[in-house]
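Visitor:
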Amino acid sequence: AQDIGPEGGWLTSPFGTGATLSIPPNALTETATVRIRPVADAKLPTNSNIALIPGTAFDVSIADPSGESVDKLSTPATFAITLPDDAAESRVMLYRVVGTGLIPLSDVNVDGTTVSASLNGYSRVVAGIPAVSAQASTTRDPMPFILAALTFVVALMVVVAVGSSLLRRRPRTVTPRRVTTGRARIR
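Counting in this note's numbering, the sequence shown runs from 1258 upward without gaps.
1. Tell me whether Asn1306 sits in a helix, a strand or coil according to DSSP, three-state version.
2. If you follow the beta strand (DSSP E) that Ser1279 is part of, which residue opens it and which one closes it?
3. Quick one: is Ser1421 buried, meaning 16 or more other Cβ sit within 10 Å of its Cβ, or exposed?
4. Could you tell me if Ala1334 is buried or exposed, where buried requires 16 or more neighbouring beta carbons within 10 angstroms of its beta carbon?
5. Should Ser1373 go down as buried or exposed, given a rule of 16 or more other Cβ atoms within 10 Å for buried?
6. List the residues that DSSP assigns as beta-bridge partners of Leu1376.
7. Since Thr1288 and Ile1319 are thought to touch, with beta carbons under 8 angstroms apart, how far apart are those beta carbons, to the nearest angstrom?
8. So who's on the other strand from Thr1339, going by DSSP bridges?
9. If you count every other CB in all the chains shown that lies within 10 Å of the CB of Leu1351, and 16 or more means buried, which is it?
10. Between Gly1273 and Ala1406, what straight-line distance do the alpha-carbon atoms span, to the nearest angstrom?
11. Compare the Cα-Cα distances from Pro1295 to each of Gly1275, Ser1375, Ile1280, Ala1388 and report the closest residue.
12. Could you tell me how far apart the beta carbons of Gly1378 and Asp1328 are, in whole angstroms, since I believe they sit closer than 8 angstroms?
13. Under 7 angstroms between the Cβ atoms of Leu1268 and Ile1293?
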């Protein structure tokens, strides 16, 4: 943790693979306590589409002098993580951990073994590599076709049901009237 004021500054965490937060001038209106803490890999959500890189998860927090969280900086800070040599590749992304989900950060920059992105306030950030799915690139998702076929079958069933009820009109039973010829009987 380190106190950083309106003049800006930076903080480095040597833990995990290493992380740095660079806060530009005028991003803070008053001196705040900035913290970068490593997060254990076991506390991260799993996602079959993203291979998280061990040791790259960090909590970044900024608190004003009263201890209240600074929700948003006036100008975004730059957060950078040092990657292990074997994990450095162009497809590396930084993700914000939200509950059990991973949301990719925008404007991620990979430079050798360093990956960086902009942050506006508190975040739990981790580096990961999106999974490449060969099947996804050559095969279409069948779900839209299944839903369209199901909708067609249901509509066809409704048309048949309505049509058959119209065709099955009950025949009217007509009771013939007695026709009397001649005189009426009087009792």
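Don't be surprised by glycine CBs; every beta carbon is placed ideally from N, CA and C.
Guide: Per the coordinate set shown:
1. The sequence position of residue 1306 within the sequence shown is 49, counting from 1. Coil.
2. Residue mapping note: residue 1279 aligns to position 22 of the sequence shown, counting from 1. Taken as a continuous stretch (DSSP letters only), the beta strand (DSSP E) holding Ser1279 covers 1276-1280.
3. Within the sequence shown, numbered from 1, the residue matching residue 1421 stands at position 164. Burial call: exposed.
4. In the sequence shown, residue 1334 corresponds to position 77, counting from 1. Per the 10 Å Cβ criterion, buried.
5. If you number the sequence shown from 1, residue 1373 lands on position 116. Buried is the call here.
6. On the sequence shown, position 119 is the one that residue 1376 refers to. DSSP lists Ala1334 as partners of Leu1376.
7. By one-based count along the sequence shown, residue 1288 stands at place 31. By one-based count along the sequence shown, residue 1319 stands at place 62. Not quite, the Cβ-Cβ distance comes to about 11 angstroms (not below 8 angstroms), so this is no contact.
8. Mapped onto the sequence shown, residue 1339 falls at position 82. Answer is Thr1371, bridged to Thr1339.
9. Working through the sequence shown from its first residue, we reach residue 1351 at position 94. Answer is buried; the Cβ neighbour count reaches 16.
10. As a first step, residue 1273 must be located in the sequence shown, where it is residue number 16. As a first step, residue 1406 must be located in the sequence shown, where it is residue number 149. Each residue's alpha carbon lies about 51 angstroms from the other.
11. As a position in the sequence shown, residue 1295 is number 38, starting the count at 1. Of the candidates Gly1275, Ser1375, Ile1280, Ala1388, the one whose C-alpha sits nearest the C-alpha of Pro1295 is Gly1275.
12. Against the sequence shown, residue 1378 aligns to sequence position 121. Against the sequence shown, residue 1328 aligns to sequence position 71. 5 angstroms between Cβ atoms; contact.
13. Here residue 1268 corresponds to residue number 11 of the sequence shown, with the count starting at 1. Here residue 1293 corresponds to residue number 36 of the sequence shown, with the count starting at 1. For Leu1268 and Ile1293, yes; Cβs fall inside 7 angstroms.
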